[in-house]
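**Q** If you're matching positions, the sequence shown starts at 1 in full-length UniProt numbering and goes up one per residue.
Glycine included, C-beta positions come from ideal geometry on N, C-alpha and C.
Sharing a structure below in structure tokens format, with a few things to ask.
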Amino acid sequence: MCGRTACSLGADNLRRACAYRDRRGRHRQPDWVRGDRYQPSYNKGPQSSGPVLLSRRHLHQDADSSERVLMDMRWGLVPSWFKNDDPSKLQFNTSNCRSDTMMKKSSYKGALLKGKRCVVLADGFYEWQQQQSGGKQPYFIYFPQSKDARDEGKEGDEEWKGWRLLTMAGIFDCWEPPAGGETLYTYTIITVDASKDVSFIHHRQVGAGKGAAEMPAILDGDEAIRKWLDFAEVPTQEAIKLIQPTENIVFHPVSTFVNSIRNNTPECVAPIELGAKKEVKATPSSKVMLGWLKNSQEGSPQKKENDLPKWTSQFIHSPSPKKTSADILQQWLGKQAEPAAKKRKA
């Protein structure tokens, strides 16, 4: 399942990170809808709001369905047919939607058949591994990053050079209060059976008979994102073929500081050392996470310099058998975090 994410980019950089080419091949950045409501966070959970991509045609019927917009929506789908005047009284959890039942359950089927497909954006998501000691070790899971992911470039640059966002397939719906009022936009994240490497994190739970491990359905690449969002050109049955596990992810252990949803600082995603007793020299690829943490705080949730943790050198001992992620999993934090920018004003 996916029960916690991070999305720390400010609103303007989020637009740049979501740049795409429309049907005519033009380079575009999605416009924000209600962008003043968006709040970056290193620790998002269900019932909080987060950024999603959707086709502009959902909002304007005469729009090109290949055009995209960004919208801040609440995590946890409230079906349009829900009749209670309080959406919090929904009796079941809709933060995740299993791919093998999404065409069977009324909460999702109607919205899916109407083309209400969205892409949920995040730096990455968290999973917890059950330890033999009884505790749980959190991990942060994300796309592999290029060596220049620290460099976000300039506003006028056509290509985004910063952190590659994780793009998860979702379903959204619009709920209108029976007594009238503002429409509530909500979403759910589609989940699939976990890939081999994410199953590594879950293996103790699965072994204990708690069912197959799950992970978000990740859309890898702009063509997959285009097909998922363009409901006018790509029918539902064709789109759901995109919902598959992916091996193109890496992860590292993080502090149990992230366990509390109230904690919302870069420390949530910072790599920690697991069992390593000897420090290793940093390599160029090991600086990706450090650079991202230092440069992605434009519009971050931090307000004061004193809010930022003062880390000492930390090095990762990789418990994962995945060789291709070894460089990423040996990332480090060797300097104090730079002062963050003030929270973006609403």
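Select from 60, 84 and 20 the residue whose C-alpha is nearest the C-alpha of residue 177.
**A** 84
**Q** What's the call for residue 116, buried or exposed, on a 16-neighbour Cβ count within 10 Å?
**A** buried
**Q** Taking 6 Å as the cut-off, is the beta-carbon of residue 88 closer than that to any non-hydrogen atom of the ligand MN?
**A** No copy of the ligand MN appears in this structure; indeed no ligand is present at all.
**Q** Among all the DSSP beta bridges, which residues are the ones paired with residue 44?
**A** 5
**Q** Looking at the secondary structure, which residues open and close the alpha helix (DSSP H) in which residue 236 lies?
**A** Its alpha helix (DSSP H) spans residues 236–239.
**Q** Express the C-alpha separation of residue 143 and residue 13 in angstroms, rounding to a whole number.
**A** 18 Å
**Q** Which partner residues of residue 251 appear in the DSSP bridge assignment?
**A** 141
**Q** Can you have a look at residue 93 and say buried or exposed, based on whether 16 or more other CB atoms are within 10 angstroms of its CB?
**A** exposed
**Q** Comparing alpha-carbon positions, which option in 264, 10 and 259 lies nearest residue 135?
**A** Selected option, being the one with the closest Cα: 259.
**Q** Relative to the C-alpha of residue 147, which candidate in 141, 161, 108 and 250 has its C-alpha closest?
**A** 161
**Q** Using the rule of at least 16 other Cβ atoms within 10 Å of the residue's Cβ for burial, across every protein chain shown, is residue 96 buried or exposed?
**A** buried
**Q** Verify whether the separation of the beta carbon atoms of residue 186 and residue 70 is less than 7 Å.
**A** no
**Q** On the three-pair Cβ rule with 8 Å, is the stretch 182–196 touching the stretch 19–30?
**A** no
**Q** Residue 48 and residue 173: beta carbons closer than 7 Å?
**A** Not in contact: residue 48 and residue 173 (Cβ atoms no closer than 7 Å).
**Q** Counting only runs of 3+ residues fully inside the stretch 94–127, write out the beta strand (DSSP E) ranges in chain order.
**A** 96–98 and 117–122
**Q** Between which residues of its own chain and residue 244 is the CB-CB distance below 8 Å, once the five residues before and five after are set aside?
**A** 192 and 217
**Q** Go through its chain and collect everything with a Cβ distance to residue 319's Cβ below 7 Å, but skip five positions before and after it.
**A** Annotation note: pLDDT 37 at residue 319 (below 50); position unreliable, no value reported.
**Q** Using 7 Å as the threshold, is the C-beta distance between residue 189 and residue 120 below it?
**A** yes
**Q** By the 10 Å Cβ neighbour count, where 16 or more other Cβ atoms means buried, how is residue 68 classified, buried or exposed?
**A** buried
**Q** DSSP three-state label for residue 18, please.
**A** coil
**Q** Taking residue 166 and residue 125 to be in contact with their CB atoms under 8 Å, please state how far apart those CB atoms are, rounded to whole angstroms.
**A** 7 Å
**Q** Tell me where the alpha helix (DSSP H) around residue 223 begins and ends.
**A** 222–229
**Q** By the 10 Å Cβ neighbour count, where 16 or more other Cβ atoms means buried, how is residue 6 classified, buried or exposed?
**A** Counting the other CB atoms within 10 Å of its CB gives residue 6 a total of 16 or more, which places it among the buried residues.
**Q** Between 240, 181, 109 and 34, which lies nearest to residue 51 when the distance is taken from Cα to Cα?
**A** 34
**Q** Please go through the same chain and pick out, in chain order, the residues whose beta-carbon is closer than 7 Å to the beta-carbon of residue 261, but skip the five residues on each side of it.
**A** 43 and 45, listed in sequence order.
**Q** So residue 230 packs on residue 65, CB below 8 Å; how close in whole Å?
**A** Contact holds; Cβ gap of about 5 Å.
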